[in-house]
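Q: Below is the structure I would like to discuss, written out as structure tokens.
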Amino acid sequence: MEKFLIVDGSSLIHRAFYALPLLTNGAGVFTNAAYGFTNMFLKIMGEEKPNYCVVCFDKSRITFRTEQYHEYKAQRKATPEELKPQFDLVKRILTAMNIDWEELDGFEADDLIGTYACLGEKRGLENLILTGDKDALQLISPQSTVLLIRKGISEMDRFDEKAVMERYGLVPSQIIDLKGLMGDQSDNIPGVPGIGEKTALKLLARFKSIENILANLDDVTPPGVQKKLREHRDLAVLSRQLATIECDVPIEVDFDSFQVGKPDYGKLLDIYKELEFKSLVKNVLERMAERPDKIGETVKNLNKTIDYRRLESREEISDCLTEIIPEGKVALYVTHRGNYFAGEPASVSFAVSGEKAWTVFLDGEDEREKLCALAELLESANVKKIVYNYKDLNVLFSRAGIRLAGVISDVLLGAYLLNPSTSDYSLENLSLEFLNRPLVSEEEEVADRSRRAALIWELAPLIQGRIADQEMDDLYRQVELPLEDVLAGMEITGVKVDSSQLKVMSGEMEGAIENLSREIYQLAGEEFNINSPKQLGVILFDKLGLPPIKKTKTGYSTNAEVLERLAEQHEIAAKIVEHRTLVKLKSTYVDGMQSLINPETGNIHTSFNQTVTATGRLSSTEPNLQNIPIRMELGRLIRKAFGPSRKGNILLAGDY
4 MEKFLIVDGS
14 SLIHRAFYAL
24 PLLTNGAGVF
34 TNAAYGFTNM
44 FLKIMGEEKP
54 NYCVVCFDKS
64 RITFRTEQYH
74 EYKAQRKATP
84 EELKPQFDLV
94 KRILTAMNID
104 WEELDGFEAD
114 DLIGTYACLG
124 EKRGLENLIL
134 TGDKDALQLI
144 SPQSTVLLIR
154 KGISEMDRFD
164 EKAVMERYGL
174 VPSQIIDLKG
184 LMGDQSDNIP
194 GVPGIGEKTA
204 LKLLARFKSI
214 ENILANLDDV
224 TPPGVQKKLR
234 EHRDLAVLSR
244 QLATIECDVP
254 IEVDFDSFQV
264 GKPDYGKLLD
274 IYKELEFKSL
284 VKNVLERMAE
294 RPDKIGETVK
304 NLNKTIDYRR
314 LESREEISDC
324 LTEIIPEGKV
334 ALYVTHRGNY
344 FAGEPASVSF
354 AVSGEKAWTV
364 FLDGEDEREK
374 LCALAELLES
384 ANVKKIVYNY
394 KDLNVLFSRA
404 GIRLAGVISD
414 VLLGAYLLNP
424 STSDYSLENL
434 SLEFLNRPLV
444 SEEEEVADRS
454 RRAALIWELA
464 PLIQGRIADQ
474 EMDDLYRQVE
484 LPLEDVLAGM
494 EITGVKVDSS
504 QLKVMSGEME
514 GAIENLSREI
524 YQLAGEEFNI
534 NSPKQLGVIL
544 FDKLGLPPIK
554 KTKTGYSTNA
564 EVLERLAEQH
574 EIAAKIVEHR
584 TLVKLKSTYV
594 DGMQSLINPE
604 TGNIHTSFNQ
614 TVTATGRLSS
624 TEPNLQNIPI
634 RMELGRLIRK
644 AFGPSRKGNI
654 LLAGDY
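The opening position of the sequence shown corresponds to residue 4 in this note's numbering, with each subsequent residue numbered one higher.
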């Protein structure tokens, strides 16, 4: 028997939205519901392999049910603004998948589902209804099964007639009678006031339907239930009517349009890339690779091979460079042991095309000799170089006594300029974005590292072309690329810090923290862990009776905003704010910076990040030198610990 998958699109999108944290792409478009829906839909399609499929949506809140009962679903909150645009995203994805989706004014998705289920049965199909709404259980029959999402977007229960009987003691058609008696809070169906699920099930076990119950009210016990039914018989009838799914919606149905076919992989790929669904992009590319006769040029190099070789000695390196240097341009991929500032180069791979590359491993007794041989290439300004992360490579090689020269392109920096809002500029992601090709790490290290050098070669002209199209070529070549060289020099030089002054400050701050702690204990009337939000909450709200301003999942909030508001009412809150500030300054800057002073130079060497912020500004880490407070006295004292490396010089602060 052929299978017909009928999907409650509105229900699934809402489920996905609330099951996943808010996600956005680089353009700020919300995508969590679309991503969750797509993954869930693909999973079910893969497991069930239906012959036909349709996805149904609610068109609007105004339906024939709101005409019957004005309060129907009236209590529901408005659709969140973050969710509204995602319905169109899902419809775009379904269209690219060649999956039919339907909606109709005046009717809910449930009514379309019911109609399609009845038509599917008449056609002799096996129906599978995918939904998060228990109302669909009334549609179950020997030919129709419901797959009910129970939790999040991953746990599901399969309901057939037997399962409904085991769960409720009812046949599927009695579900509407159950709803008519007990109501449905989620849909604002009133039911009979005072009758819950337990009582409703007992009544239906005896009388089978609301119609039969109302026809035999004299036999209903106990008297209190009979009285409720007499008083609210109209509500019972109305509620049953509201809960009944319409299975004869006036809509033309062409089952050929529901037939599951092949997706339009090109369109699907464009949408997934736009929304930054990386795992789904990879999935589409793999599917496209399975059908090379169908895909044209889109992924013609998906499984391309490259000619690579490992150079084992200084002589082999020199012979290879004799061949390469006349070419005038190479792409470099470098790995290192430890971090780039304190570590050493571990391997250097260089490519002269997207198909040919060499790799040198810098290990063993001849490591220095190999590096000296490579210096001829790395230091030559005549050999133009395409790299990944120029600034870090500059710092890394400078520690080995090599001055990297001739860099004309940095694919990491270029990708950042094109899209400063994304957070992933890995080669794996750049390969997907610019080449429609997944970069899969290979176990064999020479092949893997050589492939990455060849990939950098391929990426450079594509990224450079887009930069030129967006008229950012001057920005890239005259500002951003030269700035990498400047930042490398700043990191290598570092900034002088007076460690003795920091030690004195640390002792003074420790004393101030202890004094504050004693004052807080005195105000609280007992000692407690000031850094414990739970213990602090007990002191502030239970013992001292201060008004709780904000609640969390674990109790009352004691965050900075709450404490600052409470400081107007009680001195202890102001003391705690001061205590927290001192502890943070001491641990993060005064003590934290002492551990970051380089013993060789006596300086702190922060990392300047050029490709992190969405605004294009620099950031710094380990430590963050931009975050030292300046408005408070202690912050200004900490800044005084910094000074020029040479006598007679001054530090000049500038902000563009």
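From the three backbone atoms N, C-alpha and C, an ideal C-beta is built for every residue, glycine too.
One question on the structure: do Ile459 and Ala334 come within less than 8 Å of each other, judged by their Cβ atoms?
A: As a position in the sequence shown, residue 459 is number 456, starting the count at 1. As a position in the sequence shown, residue 334 is number 331, starting the count at 1. A contact, by the Cβ cut-off of 8 Å.
Q: Just to check my reading of the structure: Ile411 and Lys388 have Cβ atoms closer than 8 Å, yes? What is that Cβ distance to the nearest angstrom?
A: Here residue 411 is taken as the residue at index 408 of the sequence shown, counted from 1. Here residue 388 is taken as the residue at index 385 of the sequence shown, counted from 1. Contact flag correct, Cβ pair sits at about 7 Å.
Q: In chain order, what residues of the same chain lie with their CB nearer than 8 Å to the CB of Leu217, ignoring the 5 residues before and after it?
A: The residue you call residue 217 lines up with position 214 of the sequence shown. Cβ within range, chain order: Leu232, Arg236, Ala239, Val240.
Q: To the nearest angstrom, report how far apart Ser535 and Pro225 are at their CA atoms.
A: By one-based count along the sequence shown, residue 535 stands at place 532. By one-based count along the sequence shown, residue 225 stands at place 222. Each residue's Cα considered, the two are about 55 Å apart.
Q: Can you check the segment 435-512 for any beta strand (DSSP E) of at least 3 residues that lies completely inside it and give the ranges in chain order?
A: Correct list: 498-500.
Q: Which of the three DSSP states is assigned to Ile389 in this structure?
A: Within the sequence shown, residue 389 is the residue found at index 386, counting from 1. Correct three-state label for Ile389: strand.
Q: Tell me which residue opens and which closes the alpha helix (DSSP H) that Asn661 is part of.
A: Outside the shown range of the chain (4 to 659) lies residue 661, about which nothing can therefore be said.
Q: Just the Cα atoms here: how many angstroms apart are Val195 and Cys250?
A: Reading the sequence shown from its first residue, position 192 is the one you call residue 195. Reading the sequence shown from its first residue, position 247 is the one you call residue 250. In a straight line, the C-alpha of Val195 is about 25 Å away from that of Cys250.
Q: For Arg313, does the three-state DSSP call read helix, strand or coil?
A: For the purposes of this step, residue 313 is identified with residue 310 of the sequence shown, where counting begins at 1. Strand at Arg313.
Q: From the DSSP output, read off the bridge partner residues of Cys250.
A: Taking the sequence shown and counting its residues from 1, one reaches residue 250 at position 247. DSSP, once it has assigned bridges, lists no residue as partnering Cys250.
Q: Pick helix, strand or coil for Asp11, following the three-state DSSP scheme.
A: The residue given as residue 11 occupies position 8 in the sequence shown. DSSP places Asp11 in strand when its eight states are reduced to three.
Q: Around the C-beta of Lys303, are 16 or more other C-beta atoms found within 10 angstroms, so that it is buried, or is it exposed?
A: Stepping through the sequence shown from its first residue, residue 303 is reached at position 300. Low confidence applies to Lys303: its pLDDT is 44, below 50, so where it sits in the model is not reliable enough to give any reading.
Q: Skipping 5 residues on each side, what residues in its chain have a beta carbon closer than 6 Å to that of Glu522?
A: In the sequence shown, counting from the first residue as 1, residue 522 sits at position 519. For Glu522, where only same-chain residues beyond five positions count, the Cβ hits under 6 Å are Lys578.
Q: Does the beta carbon of Leu271 fall short of 7 Å from some heavy atom of the ligand ADP?
A: Of the ligands one can find in the structure shown there are none, so the ligand ADP has no counterpart to examine.
Q: Between which two residues does the beta strand (DSSP E) containing Leu151 stretch?
A: As a first step, residue 151 must be located in the sequence shown, where it is residue number 148. First-last of the beta strand (DSSP E) with Leu151: 147-154.
Q: Counting Cβ pairs closer than 8 Å, one from the segment 424-442 and one from the segment 394-407, do we hit at least three?
A: The answer is no - the segment 394-407 does not touch the segment 424-442, with fewer than three Cβ pairs under 8 Å.
Q: Which residue or residues does DSSP assign as beta-bridge partners of Phe353?
A: On the sequence shown, residue 353 is found 350 positions in, with the first residue counted as 1. Leu335, Trp361.
Q: Spell out the partners DSSP gives Gln262 in its beta bridges.
A: To locate residue 262, count along the sequence shown from 1; it is residue 259. For Gln262, which the question treats as bridged, DSSP gives the partners Tyr55.
Q: Below 6 Å CB to CB, which residues in the same chain sit around Lys297 once its five sequence neighbours on both sides are set aside?
A: For the purposes of this step, residue 297 is identified with residue 294 of the sequence shown, where counting begins at 1. Any answer about Lys297 is weak, because its pLDDT of 47 lies below 50 and its placement is not dependable; what the coordinates show is given next. Excluding positions up to five away in sequence, the list is empty.
Q: If you measure between the beta carbons of Arg660 and Ile198, is that distance less than 8 Å?
A: Any property of residue 660 remains undetermined from this structure, which presents the chain solely from 4 to 659.
Q: Cutting at 7 Å between CB atoms, please list the residues of its own chain near Ile309, excluding the five before and the five after it.
A: Looking up residue 309 in the sequence shown gives position 306. Answer for Ile309: Glu358, Lys359, Ala360, Ser453, Arg454, Ala457, listed in chain order.
Q: Considering Glu2, what are the terminal residues of the alpha helix (DSSP H) in which it resides?
A: Summary: the structure shown does not reach residue 2, with the chain confined to residues 4 through 659, and so no result is reported for it.
Q: Give me the Cα-Cα distance between Asp488 and Phe611, rounded to the nearest whole angstrom.
A: The count along the sequence shown starts at 1 and reaches residue 488 at position 485. The count along the sequence shown starts at 1 and reaches residue 611 at position 608. Cα-Cα distance, rounded: 11 Å.
Q: To the nearest angstrom, report how far apart Glu300 and Ala30 are at their CA atoms.
A: For this step, residue 300 is matched to residue 297 along the sequence shown. For this step, residue 30 is matched to residue 27 along the sequence shown. In this predicted model, Glu300 has a pLDDT of only 43, less than 50, meaning its place in the structure is not dependable; the value taken from the coordinates is given anyway. Their backbone Cα atoms lie some 28 Å apart in a straight line.
Q: Just the C-alpha distance for Glu318 and Ser444, rounded to the nearest angstrom, thanks.
A: Taking the sequence shown and counting its residues from 1, the one referred to as residue 318 is at position 315. Taking the sequence shown and counting its residues from 1, the one referred to as residue 444 is at position 441. Spanning the two alpha carbons is a distance of roughly 29 Å.
Q: Quick one: Cα of Pro295 to Cα of Glu289, how far?
A: Here residue 295 refers to the residue found at position 292 when the sequence shown is read from its first residue. Here residue 289 refers to the residue found at position 286 when the sequence shown is read from its first residue. Confidence at Pro295 is low in this model, with a pLDDT of 49, below 50, so the placement of that residue is unreliable and no value is reported for it.
Q: My guess is that Asn606 and Val541 are in contact by the Cβ rule of under 8 Å, so how many angstroms apart are they, rounded?
A: Looking up residue 606 in the sequence shown gives position 603. Looking up residue 541 in the sequence shown gives position 538. The pair is not a contact, with the Cβ atoms about 46 Å apart (cut-off 8 Å).
Q: Tell me where the alpha helix (DSSP H) around Thr584 begins and ends.
A: The count along the sequence shown starts at 1 and reaches residue 584 at position 581. Element bounds for Thr584: 574-588.
Q: Is it true that the segment 635-643 meets the segment 523-530, where meeting means three or more beta-carbon pairs spaced less than 8 Å apart?
A: Verdict: no, contact absent.
Q: What's the gap between the Cα of Ile552 and the Cα of Ile470?
A: The residue labelled residue 552 in the question sits at position 549 within the sequence shown. The residue labelled residue 470 in the question sits at position 467 within the sequence shown. Approximately 50 Å between the Cα atoms of the pair.
Q: In chain order, which beta strand (DSSP E) runs of at least 3 residues are fully inside the segment 112-149?
A: Those beta strand (DSSP E) runs which fall completely within the segment 112-149 and span 3+ residues are 129-134.
Q: Rounded to whole angstroms, what's the CA-CA distance from Gln177 to Thr247? Just pull it up for me.
A: Walking along the sequence shown from the start, residue 177 turns up at place 174. Walking along the sequence shown from the start, residue 247 turns up at place 244. One C-alpha to the other measures close to 10 Å.
Q: Which same chain residues end up closer than 8 Å to Asp369 when comparing Cβ atoms and leaving out the 5 residues on each side of it in sequence?
A: Along the sequence shown, read from residue 1 onward, the residue named residue 369 stands at position 366. Correct list, in chain order: Ser316, Arg317.
Q: Determine the burial state of Tyr21: buried for a count of at least 16 other Cβ atoms within 10 Å of its Cβ, exposed for fewer.
A: Within the sequence shown, numbered from 1, the residue matching residue 21 stands at position 18. Exposed, since its Cβ has fewer than 16 Cβ neighbours within 10 Å.
Q: Please state whether the Cβ-Cβ distance between Asp11 and Ile116 is less than 8 Å.
A: Numbered from 1 along the sequence shown, position 8 holds the residue referred to as residue 11. Numbered from 1 along the sequence shown, position 113 holds the residue referred to as residue 116. A contact, by the Cβ cut-off of 8 Å.
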